[in-house]
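Structure first, commentary second.
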Amino acid sequence: MELKGKTAVITGGASGIGLATARRFASSGANLVLGDIEEQPLHEAVVALRADGAKVIGVQGDVSKEADVVAMREAALAEFGAAHVVFNNAGVGGGMAIGTPKAVWDWVLDINLGGVINGVNAFVPLFLEQNEGHVVNTASESGLVGSAGSGPYCASKFAVVGLSEALFQELALSGKDVHVTVLCPNFVRTRINDSQRNMPDELRGNPDDPMTKLVKKIADDLVNAGIEADEVAVAVEDAIQQNKFWILTNEHSATRITEQRLEWMRGGRPPRAKRFTTPES
Ligand SMILES: NC(=O)c1ccc[n+]([C@@H]2O[C@H](COP(=O)([O-])OP(=O)(O)OC[C@H]3O[C@@H](n4cnc5c(N)ncnc54)[C@H](O)[C@@H]3O)[C@@H](O)[C@H]2O)c1
């Protein structure tokens, strides 16, 4: 699918990968609906994109709430008369596998997985009906390998990969011109490690806890050494144009960790934690 004249809905569109993709799609002539929970950054993103000539509206909403995602679809239909692409991208990090309160697990899973489910439910029936559409789901390399310090995040991203593969098979069986891509980035320079900015106050842990500080420091170093979100945006557009299922922003790393898991399943050694993986290793 070429994006010129098409309408794309991007969740988490006010920052990072979502915002970079919005810029990219706008430069290709797409109409845009940006959905985000953060009102002011969303407003600023819409103003900046319009100043560059984009046709874009913002819809403030929480992807973990089904009605909010339906409202994003309805806004696209009302403003542009159609929706052709949904980029289920909003996501947050938080918590270790050990000792994370269930309410924090729920927060991460409801956004990272629940948000994708809500996007699929809101848009796929429409896409099938019109026999045209593309779903892009943001997972992560954390959806391909478990790593220390990110239990809920890994659980949510593995689920997004599984959901996307199941959706791929069902869409293939449908015979319709509706497609799905799963985005598995390695580290990208965004605000992902500041996800707590959107966390309800009562869920926030102690930021001075030594383990929390150590995990944050490692994660910050990795994200700061990551690629630019603009590179991911180019890959997202390419996957829609070329109809690719996988987007692996670091193919070497993604395939290597997957091969390591396979070796492990065959009785070999366990894979190294992803946080020690570099593009060169
Ligand atoms: N940055 C990385 O290294 C990296 C790597 C792999 C995957 N990802 C994934 O990329 C996606 C985008 O994250 P990013 O890195 O651009 O981070 P980011 O924090 O810069 O952007 C995330 C956006 O999602 C929004 N958001 C958060 N909760 C929301 C909710 N409940 N409803 C609606 N919007 C919400 C935030 O306000 C923000 O604008 C996420 O799914 C993340 O897990 C990021």
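One point on numbering: in the working numbering, the residue at position 192 of the sequence shown is 883, and numbering is uninterrupted.
For glycine and all other residues, C-beta sits at the position ideal for the given N, C-alpha and C.
Computed from a prediction, not measured in an experiment: that's the story for all the values here.
Query: Touching or not, the segment 825–835 and the segment 776–793, by the rule of three or more beta carbon pairs under 8 Å?; Result: yes
Query: Any heavy atom of ligand 3 closer than 7 Å to the Cβ of Ala-762?; Result: Among the ligands in the structure shown, ligand 3 does not appear; only ligand 1 can be found there.
Query: Counting along the chain, where does the alpha helix (DSSP H) carrying Asn-803 start and finish?; Result: 793–803
Query: For Val-925 and Trp-937, what's the separation of their Cα atoms in angstroms?; Result: 14 Å
Query: Just to confirm, is the Cβ distance from Gly-810 to Thr-702 under 8 Å?; Result: yes
Query: Per DSSP, what kind of secondary structure is Phe-878 in: helix, strand or coil?; Result: coil
Query: Take Gly-752 as the anchor and find which of Gly-772, Leu-733, Arg-764 and Ile-728 has the nearest alpha-carbon.; Result: Ile-728
Query: Could you pull out every unbroken beta strand (DSSP E) segment of at least 3 residues lying fully inside the segment 857–919, listed in chain order?; Result: 869–875
Query: Tell me whether Ser-972 is buried or exposed, calling it buried when 16 or more other Cβ atoms sit within 10 Å of its Cβ.; Result: Unreliable positioning characterises Ser-972 in this predicted model, as indicated by a pLDDT of 36, which lies under 50. A coordinate reading is not provided.
Query: Can you give me the C-alpha to C-alpha distance between Gly-853 and Glu-832, rounded to a whole angstrom?; Result: 13 Å
Query: Would the beta-carbon of Gly-842 fall within 8 Å of that of Ala-930?; Result: no
Query: Taking a contact to mean a Cβ-Cβ separation below 8 Å, would you say Leu-710 touches Ala-717 in this structure?; Result: no
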